[in-house]
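To start, the structure under review is shown below, and the notes come after it.
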Amino acid sequence: MTTAYSYRDDPSVPDFPDDKPLIVFDGECGFCSRDINFVLRHDTKQLFRFTPAQFELGTALMRHYGYRTDDYETSLLIENGVAYPRSDGVLRVLQRLGGIFSLVAWLRFMPRRIRDGVYDLVARNRMKIAGRRQACRIPTPEERDRFF
């Protein structure tokens, strides 16, 4: 287990503003890109920042936390210097979005093994579900300051 903000001491991780939660996602995955579009639409307080796992920062963070960098089968939420992968990250994002989405937070009481089993099943089949994008999602001019 790594300590909070451990990436700050890792010379392979580029400096980035970590005052807001950062979502590391597979930018070539249609399913993941739809998830990011969902968060952008509902994140009215602009709580989150984003980086594709294929970009320098995303790859470095995935490697730092021990995840593969040749096949991105998880996303990461980096919040207060701590990485939350898989279902933990998804549930934290939904909870932070608030409103009706925070109602899903009750799933955190379900055993992680079950939650992550469902997450892994979807992750393994995400390209079949939504396809592969030819390029990472390009942020709009209004979104650019939220992407790294």
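The working numbering numbers the first residue of the sequence shown as 1 and each following residue consecutively. Beta carbons are placed, not taken as given, at the ideal position from N, Cα and C, and that holds for glycine. A quick note: this is a predicted structure, and the numbers were derived from the prediction, not measured.
- The beta strand (DSSP E) runs of length 3 or more contained entirely in the region 65 to 94 are, from start to end of the chain, 76 to 79, 82 to 85.
- Per the coordinates, the alpha-carbon of residue 51 lies some 15 Å from the alpha-carbon of residue 84.
- For residue 118, the three-state secondary structure derived from DSSP is helix.
- Judged by DSSP in its simplified three-state form, residue 24 adopts strand.
- Straight-line spacing of the CA atoms in residue 77 and residue 124 works out to 19 Å.
- Secondary structure note for residue 49: its beta strand (DSSP E) is the uninterrupted segment 49 to 52.
- With a cutoff of 8 Å on beta-carbon distance, residue 21 and residue 47 are scored as near each other.
- When the five nearest sequence neighbours on each side are left out, the beta carbons in the same chain lying within less than 6 Å of the beta carbon of residue 63 are those of 69, in order along the chain.
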